[in-house]
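S.K.: Below are the structure tokens for one structure; questions will follow.
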Amino acid sequence: FNLVECFNKKTNRCSITDACRLKKILHQGMEAFFSILDQYTLAEGSKIILKKQIGNHLDLHNS
């Protein structure tokens with residue numbers, strides 16, 4: 001997964017790659033993002049969504 005063109009050395013055609021600091025910043029951001037995601041499973045994420053949906057459904061029927 002390449003967030004930006006310069007992450008792929010084979011297809012990178014950006015003319016400022018050597019002087020650009022954005023690549024490092026974006027790479028660190030992606031690492032932080034995936035680090036947080038790695039702390040959870042899809043099952044845990046879906047439980048939160050299901051609890052909200054079930055709660056909303058119950059609220060509709062109890063009103």
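In the numbering used here, the protein residues as written are 1 to 63.
C-beta: ideal position from N, C-alpha, C; glycine also.
Restricting to Cα atoms, I'd like to know which of K10, T11, V4 is closest to K24.
M.R.: As a position in the sequence shown, residue 24 is number 24, starting the count at 1. It is V4.
S.K.: Between the alpha carbons of N8 and N2, how many angstroms are there, rounded?
M.R.: Counting from 1 along the sequence shown, the entry for residue 8 is found at position 8. Counting from 1 along the sequence shown, the entry for residue 2 is found at position 2. So the two alpha carbons sit approximately 7 angstroms from each other.
S.K.: Helix, strand or coil for F1 per DSSP?
M.R.: In the sequence shown, counting from the first residue as 1, residue 1 sits at position 1. The answer is coil: DSSP assigns F1 none of H, G, I, E or B.
S.K.: From S15 to A43, what distance separates their C-alpha atoms?
M.R.: Residue numbering aside, residue 15 sits at position 15 when the sequence shown is read from its first letter. Residue numbering aside, residue 43 sits at position 43 when the sequence shown is read from its first letter. The alpha-carbon atoms of S15 and A43 are separated by roughly 43 angstroms.
S.K.: Under a three-way DSSP split, which group does A19 fall into?
M.R.: As a first step, residue 19 is located in the sequence shown; it is residue number 19 there, counting from the start. Note: A19 maps to coil in three-state DSSP.
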